[in-house]
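Notes for the one structure printed next.
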Amino acid sequence: MKIVMAIIKPFKLEEVRDALTALGVHGLTVTEVKGYGRQKGHTEIYRGAEYAVSFLPKIKVEVAVADDQVQGAIDAIAQAARTGQIGDGKIFVVPLEKAVRIRTGETDSDAL
Amino acid sequence: MVQRLLTRSAGAALALGLMSVAALAQDAEVAEMSTAVPADGQFVFNTLLFLIGGFLVMWMAAGFAMLEAGMVRSKNVSMQCLKNIGLYSTAGLMYWIIGYNLMYAGVDGGFFGTPGPISIPDPAADTGDYAAASDWFFQMVFCATTASIVSGTIAERMKLSSFLIFVVILTGILYPITGAWQWGGGWLAEMGFSDFAGSTLVHSVGGWAALTGALIIGARKGKYSEDGKVNALPGSSMPLATLGTFILWLGWFGFNGGSQLAMGTIEDASSVAKIFMNTNLAAAGGVVTAIILSQIIYKKVDLTFALNGALAGLVSITAEPLAPSAGLSVVIGAVGGAIVVFAVPLLDKLKIDDVVGAIPVHLLAGIWGTLIVPLSNEGTSFVTQIIGIAAIGAFTVVASGIVWLIIKAIIGLRVSDEEESLGLDKVEVGVEAYPEFASGAGRI
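Taken in sequence, the protein lines are chains A and B.
Residues 315 to 426 (this note's numbering) are what the first sequence spells out, left to right.
Residues 2 to 445 (this note's numbering) are what the second sequence spells out, left to right.
Okay, here's the thing in structure tokens:
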């Protein structure tokens, strides 16, 4: 099992969710986050004074998937979240040791 | 009171006189008589103008409150609202206790009148060209406007108590004294100075007091870095600032239109209407100019410049909203809009921290509007206008400077650095403006 973690543009969330649902992913966790990548934020102007917005708002999507679904999930997210413009985000994959469904006590792939 | 009417609507008085002569001389021309408003009717229409103009200007207090609430950071919004309703009420009391009579009672070409509470005649015995109380109300809201201008500049760092003490002096003594020079029939009026609705008497006086306060109290923490960099401290709500600007714009029809001071004749009613038109044109010119200049200089259109542009256009036309042609009104307002776009960064270079832009809008555009009066009003001269601007400016800077320094010496003007960083809402008001968005209401 892996956790596929994607940092995406906020307005792409619905498309990413639809793509993952189509793949048979049954649940995901979403967090509003802020950060920057190579673009280093951007600057705005207020009353003639420039100021830097160093951390841009993004959405972090986390989804736990079985090993055979990992590549499909990565592809689905990458396709749904891509605009081709700077700031599309990143996908990270990390190992997942254990999973438990709290209500039933099912574990690992049964719990996903 | 009477002086402002007599000096500024001589046309109305003349029309009244002519009408009564005509009435005496000619009973036969019934048709002609029926077109004129009888004396009672004139009293009613004049009073109505004062009351409608007055409550529109009263509503400008709401405009200032919303503009300033939107331009301060969310941690100081409750305080800004409190200062605004506090100053409006303080002005209302002070202008009743001493202000009105200090400004209007027996000035007779001098420097100030006789201070003391104003007494209103029994309504059945109210004589004159308008109800005495309607005149007091109309003049009072102008006094309150002056104080509203100060609160925006010194926002986010001044103690509530120090601010309200200053407002007591400003609305009870300082504003009425310079007001007496002109509208009270004092020495400036006799010299021929002209300021129709108060570009100088109201807006520049508030602006001078605000500038003096800003210099003495200093900038907000973090506004200017040691290396000279100007740091933007964006306001909490652009929709509120926009609403406030529209409210002020609406109120300005009362401010300028009501300052015709009479509506009992065709000429007066038509003058009020022309003033509405010129006032709106000047504001529109200010906005469009600010939008275009902001786009050219900064490559983006700063909404707050557009909002300030509207107000600067309005202030610019306030000294003479009746005489200019429509086209000239647009130009007068447009220059006001340009003043904003250039003066806001200039003040920042000088490290004068003016949170809402009241100094460019009210002081600088007020000076501009007063200076340009002789261009359309033939009875005035540039020299007299400059004397009036300089005299009122010098008095207000010195007197308000003394008041600011006395308050500073006795109780201090600023909150502590830590309190400023926490926000005045938490420290002095105890009511946060947006508790559900902040840490107040059980948020983790």
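Where is the CB? At the ideal position from N, CA and C, for every residue including glycine.
Everything numeric in this text was worked out from a predicted model, so none of it was measured.
For chain A, find out if any of its Cβ atoms is closer than 9 Å to the Cβ of residue i; answer yes or no.
i: B/Asn-232; result: yes
i: B/Gly-236; result: yes
i: B/Pro-346; result: yes
i: B/Tyr-299; result: yes
i: B/Val-342; result: yes
i: B/Gly-314; result: no
i: B/Thr-305; result: yes
i: B/Gly-54; result: no
i: B/Gly-358; result: yes
i: B/Asp-109; result: no
i: B/Asp-349; result: yes
Using 9 Å as the limit for Cβ to Cβ distance, is residue i near chain B?
i: A/Ile-388; result: no
i: A/Ile-359; result: yes
i: A/Gly-362; result: yes
i: A/Tyr-350; result: no
Sort the options by Cα distance to residue i and report the nearest one.
i: B/Thr-290; options: B/Ala-274, B/Val-331, B/Ser-205 and B/Leu-262; result: B/Val-331
i: B/Ala-335; options: B/Leu-312, B/Pro-122 and B/Leu-212; result: B/Leu-312
i: B/Gly-93; options: B/Ala-40, B/Val-108 and B/Ser-149; result: B/Ser-149
i: B/Glu-157; options: B/Val-416, B/Val-432 and B/Ala-434; result: B/Val-416
i: B/Met-141; options: B/Lys-84, B/Glu-69 and B/Met-61; result: B/Met-61
i: B/Met-67; options: B/Leu-282, B/Thr-246 and B/Ala-320; result: B/Thr-246
i: A/Val-407; options: A/Glu-328, A/Asp-422, A/Ala-387 and A/Arg-415; result: A/Ala-387
i: B/Thr-146; options: B/Gln-183, B/Ala-198, B/Phe-112 and B/Val-108; result: B/Ala-198
i: B/Ile-86; options: B/Val-168, B/Gly-42 and B/Ser-120; result: B/Val-168
i: B/His-204; options: B/Thr-179, B/Val-316 and B/Ala-307; result: B/Val-316
i: B/Ile-408; options: B/Leu-165, B/Phe-383 and B/Val-357; result: B/Leu-165
i: B/Ser-237; options: B/Gly-55, B/Leu-423 and B/Ala-70; result: B/Ala-70
i: B/Leu-308; options: B/Gly-328, B/Ala-233 and B/Thr-243; result: B/Thr-243
i: A/Arg-331; options: A/Val-347, A/Gly-351, A/Gln-393 and A/Asp-382; result: A/Gln-393
i: B/Leu-294; options: B/Asn-378, B/Val-341 and B/Leu-103; result: B/Val-341
i: B/Gly-153; options: B/Ile-333, B/Glu-421 and B/Leu-212; result: B/Leu-212
i: B/Gly-193; options: B/Gln-386, B/Glu-419 and B/Gly-219; result: B/Gln-386
i: B/Ala-324; options: B/Asn-378, B/Val-231 and B/Trp-184; result: B/Asn-378
i: B/Glu-321; options: B/Gly-252, B/Val-362, B/Leu-372 and B/Leu-304; result: B/Leu-372
i: B/Thr-397; options: B/Thr-91, B/Lys-275 and B/Val-151; result: B/Val-151
Give me the Cα-Cα distance between residue i and residue j, rounded to the nearest whole angstrom.
i: B/Ile-170; j: B/Gly-338; result: 31 Å
i: B/Ile-217; j: B/Val-206; result: 17 Å
i: A/Pro-409; j: A/Tyr-360; result: 45 Å
i: B/Ala-442; j: B/Pro-436; result: Note on B/Ala-442: pLDDT 44, under 50, position unreliable in the model; no value is reported.
i: A/Gly-355; j: A/Thr-345; result: 19 Å
i: B/Leu-364; j: A/Ile-322; result: 48 Å
i: A/Leu-262; j: A/Glu-328; result: This structure gives no information on residue 262 of chain A, because the portion of chain A shown stretches from 315 to 426.
i: B/Gly-265; j: B/Gly-64; result: 30 Å
i: B/Val-432; j: B/Asp-426; result: 6 Å
i: B/Tyr-131; j: B/Val-302; result: 46 Å
i: A/Ser-423; j: A/Leu-370; result: 35 Å
i: A/Leu-334; j: A/Gly-403; result: 17 Å
i: B/Arg-74; j: B/Phe-139; result: 33 Å
i: B/Ala-29; j: B/Thr-128; result: A caution first: B/Ala-29 carries a pLDDT of 47, below 50, which makes its placement in the model too unreliable to give a value.
i: A/Glu-420; j: A/Val-414; result: 6 Å
i: B/Ala-285; j: A/His-340; result: 56 Å
i: B/Phe-113; j: B/Gly-389; result: 15 Å
i: B/Val-22; j: B/Asp-41; result: Low local confidence applies: a pLDDT of 49 at B/Val-22 is under 50, so the model's placement there is unreliable, and no value is given.
i: A/Gly-349; j: A/Ser-368; result: 8 Å
i: B/Val-430; j: B/Leu-88; result: 15 Å
i: B/Asp-269; j: B/Gly-402; result: 40 Å
i: B/Ile-297; j: B/Trp-182; result: 42 Å
i: B/Ala-233; j: B/Pro-39; result: 59 Å
i: B/Gly-394; j: B/Leu-376; result: 22 Å
i: A/Leu-426; j: A/Gly-398; result: 32 Å
i: B/Phe-254; j: B/Asn-281; result: 8 Å
i: B/Ala-32; j: B/Ile-267; result: Confidence is the limiting factor: at B/Ala-32 the pLDDT is only 49, short of 50, which leaves the residue's position unreliable, though a coordinate-based value still follows. If you take the alpha carbons of B/Ala-32 and B/Ile-267, they lie about 16 Å apart.
i: B/Ala-434; j: B/Val-428; result: 13 Å
i: A/Lys-326; j: A/Arg-396; result: 8 Å
i: B/Ser-271; j: B/Phe-277; result: 10 Å
Round the Cβ separation of residue i and residue j to the nearest angstrom and send it over; I've been treating them as touching at under 8 Å.
i: B/Leu-189; j: B/Ala-392; result: 7 Å
i: A/Ala-363; j: B/Asp-349; result: 6 Å
i: B/Gly-186; j: B/Val-108; result: 5 Å
i: B/Val-208; j: B/Ala-327; result: In the sequence on display, residue 208 of chain B carries Gly and not Val. B/Gly-208 to B/Ala-327, Cβ: 27 Å. No contact.
i: B/Tyr-101; j: B/Ile-119; result: 5 Å
i: B/Thr-381; j: B/Ser-200; result: With a Cβ gap of about 13 Å, B/Thr-381 and B/Ser-200 do not count as contacting.
i: B/Asp-446; j: B/Lys-224; result: Outside the shown range of chain B (2 to 445) lies residue 446 of chain B, about which nothing can therefore be said.
i: B/Lys-449; j: B/Ala-220; result: With chain B running from 2 to 445 in the structure shown, residue 449 of chain B is simply not present.
Practice task
Give, in chain order, every unbroken run of the alpha helix (DSSP H) that is at least 4 residues long and sits entirely within the region 311-390 of chain B.
Solution key: Counting whole runs of 4 or more residues, the region 311-390 of chain B contains the alpha helix (DSSP H) stretches 327-350, 366-372 and 374-377.
Problem - 4 or more residues per run - each alpha helix (DSSP H) lying fully within the region 164-252 of chain B - result: 176-183, 188-192 and 206-218, all fully within the region 164-252 of chain B.
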